[in-house]
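**Q** This is the structure, below, for whatever I ask next.
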């Protein structure tokens, strides 16, 4: 898959579990493409994406990632540097990232790229005129490689601002079949059934629901899914 990566002055690129261009500051890229490892010579193993030649360009990437996630993403940035010649800096962000980005933009120190985890944040950025539409070549690659439903998630009022690169199903509920059998409960089919089943399992002496809520985002994601399905 080919794509151009042009860093324009007065443009910032945001990525949410997609990529979005916003108003800010950046260098001027020449948009020249380069294949494979950055030498212009492709390899058989890891050159399926043609990247632009960005020698001397500085690119900052903001995301709310820490620990192993940040470490793994840094490896991606290192490979990007190797293949393009760009100098990439990871910018640790805070939640909610849209507020963090607003502060950076107001201070005239926006990142060139940001990872945004919510569709609503892309819409907010576009409404505030922080966002810049993706380029024609990127849009062509979206049309070629993405189903319309995924394109729509990164678009606002028909204009493509975001490119989704990651998705996760984080609201599955696993249940203990033996505990259900012991309580005489059956698999719930509706939200009302779920509440009734939880009471039945609880009455048998087993805690009906356990949530890994040490970090707030797990509860937030779960609540969002419940709300969207029941509101």
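Numbering (the working numbering), first residue to last: 703 to 933.
From the three backbone atoms N, C-alpha and C, an ideal C-beta is built for every residue, glycine too.
This one's a predicted model, so the numbers in the text were calculated from it and none came from an experiment.
Between residue 824 and residue 863, is the Cβ-Cβ spacing less than 7 angstroms?
**A** Working through the chain shown from its first residue, we reach residue 824 at position 122. Working through the chain shown from its first residue, we reach residue 863 at position 161. Yes; because the gap between Cβ atoms is below 7 angstroms, this pair is in contact.
**Q** Excluding the 5 residues preceding and the 5 following residue 771 in the sequence, name in chain order all residues of the same chain whose CB lies nearer than 6 angstroms to its CB.
**A** Counting from 1 along the chain shown, the entry for residue 771 is found at position 69. For residue 771, where only same-chain residues beyond five positions count, there are no Cβ hits under 6 angstroms.
**Q** Buried or exposed: where does residue 875 fall if 16 or more other Cβ atoms within 10 Å of its Cβ makes it buried?
**A** Here residue 875 corresponds to residue number 173 of the chain shown, with the count starting at 1. Residue 875 comes out exposed.
**Q** For residue 887, which residues of its own chain have a beta-carbon under 6 angstroms away from its beta-carbon, when the five flanking residues on both sides are left out?
**A** Working through the chain shown from its first residue, we reach residue 887 at position 185. The residues are 899, 902, 903.
**Q** Which residue comes first and which comes last in the beta strand (DSSP E) that contains residue 815?
**A** Here residue 815 corresponds to residue number 113 of the chain shown, with the count starting at 1. That run of the beta strand (DSSP E) goes 815-818.
**Q** Take residue 857 and list the residues in its own chain whose beta-carbon comes closer than 8 angstroms to its own, dropping the five residues that flank it on each side.
**A** Reading the chain shown from its first residue, position 155 is the one you call residue 857. Answer for residue 857: 863, 864, listed in chain order.
**Q** Assign residue 906 to one of two classes, buried (16 or more other C-beta atoms within 10 Å of its C-beta) or exposed (fewer than that).
**A** To locate residue 906, count along the chain shown from 1; it is residue 204. Classification for residue 906: exposed.
**Q** Kindly indicate the opening and closing residues of the beta strand (DSSP E) around residue 762.
**A** Numbered from 1 along the chain shown, position 60 holds the residue referred to as residue 762. Note, residue 762: beta strand (DSSP E), 760-765.
**Q** Is the beta carbon of residue 815 less than 7 angstroms from the beta carbon of residue 763?
**A** Your numbering for residue 815 matches position 113 in the chain shown. Your numbering for residue 763 matches position 61 in the chain shown. Yes. Within cutoff.
**Q** According to DSSP, simplified to helix, strand and coil, what is residue 809?
**A** Start at 1 with the first residue of the chain shown, and residue 809 comes out as number 107. It is coil, neither helix nor strand.
**Q** By the three-class DSSP mapping on this structure, what secondary structure does residue 790 have?
**A** What you label residue 790 is simply residue 88 of the chain shown in a count that begins at 1. Note: residue 790 maps to strand in three-state DSSP.
**Q** Quick one, which of 754, 811, 860, 810 has its alpha-carbon nearest residue 783's?
**A** Numbered from 1 along the chain shown, position 81 holds the residue referred to as residue 783. Answer by Cα proximity: 754.
**Q** Any idea what DSSP makes of residue 752, helix, strand or coil?
**A** Residue numbering aside, residue 752 sits at position 50 when the chain shown is read from its first letter. Residue 752 falls in the strand class under three-state DSSP.
**Q** Going by DSSP, name the residue or residues bridged to residue 928.
**A** Locating residue 928 in the chain shown gives position 226, counting from the first residue. According to DSSP, which records beta bridges pairwise, residue 928 is partnered with nothing at all.
**Q** If we count the other Cβ atoms within 10 Å of its Cβ and call it buried at 16 or more, is residue 811 buried or exposed?
**A** As a first step, residue 811 must be located in the chain shown, where it is residue number 109. Exposed is the call here.
**Q** Might you give, ordered along the chain, the residues of its own chain that have their beta carbon closer than 8 angstroms to the beta carbon of residue 913, omitting 5 neighbours on each side?
**A** By one-based count along the chain shown, residue 913 stands at place 211. Cβ within range, chain order: 920, 921, 924.
**Q** Give the straight-line distance between the Cα atoms of residue 779 and residue 788, rounded to the nearest whole angstrom.
**A** By 1-based counting over the chain shown, the position of residue 779 is 77. By 1-based counting over the chain shown, the position of residue 788 is 86. Their Cα atoms are separated by approximately 10 angstroms.
**Q** Please report the straight-line C-alpha distance between residue 916 and residue 773, rounded to a whole angstrom.
**A** Translated into positions along the chain shown, residue 916 becomes position 214. Translated into positions along the chain shown, residue 773 becomes position 71. Approximately 21 angstroms between the Cα atoms of the pair.
**Q** Considering Cα atoms alone, identify which of 798, 752, 807 is closest to residue 786.
**A** Position 84 of the chain shown, counted from the first residue, corresponds to residue 786. Here the closest residue by C-alpha is 752.
**Q** Do residue 813 and residue 793 count as a contact pair if the criterion is CB distance below 7 angstroms?
**A** Taking the first residue of the chain shown as position 1, residue 793 is located at position 91. Taking the first residue of the chain shown as position 1, residue 813 is located at position 111. In contact: residue 793 and residue 813 (Cβ atoms closer than 7 angstroms).
**Q** Would you call residue 866 buried or exposed, if buried means 16 or more other Cβ atoms sit within 10 Å of its Cβ?
**A** Against the chain shown, residue 866 aligns to sequence position 164. Looking at its Cβ environment, which holds 16 or more other Cβ atoms inside 10 Å, residue 866 is buried.
**Q** Could you tell me the distance, in whole angstroms, from the CA atom of residue 926 to the CA atom of residue 797?
**A** Looking up residue 926 in the chain shown gives position 224. Looking up residue 797 in the chain shown gives position 95. The alpha-carbon atoms of residue 926 and residue 797 are separated by roughly 16 angstroms.
**Q** Verify whether the separation of the beta carbon atoms of residue 840 and residue 833 is less than 7 angstroms.
**A** Counting from one through the chain shown, the residue named residue 840 turns up at place 138. Counting from one through the chain shown, the residue named residue 833 turns up at place 131. It is not a contact, given that the beta carbons lie outside the stated cut-off.
**Q** Relative to the C-alpha of residue 931, which candidate in 897, 892, 911, 837 has its C-alpha closest?
**A** As a first step, residue 931 is located in the chain shown; it is residue number 229 there, counting from the start. It is 892 whose Cα lies nearest to the Cα of residue 931.
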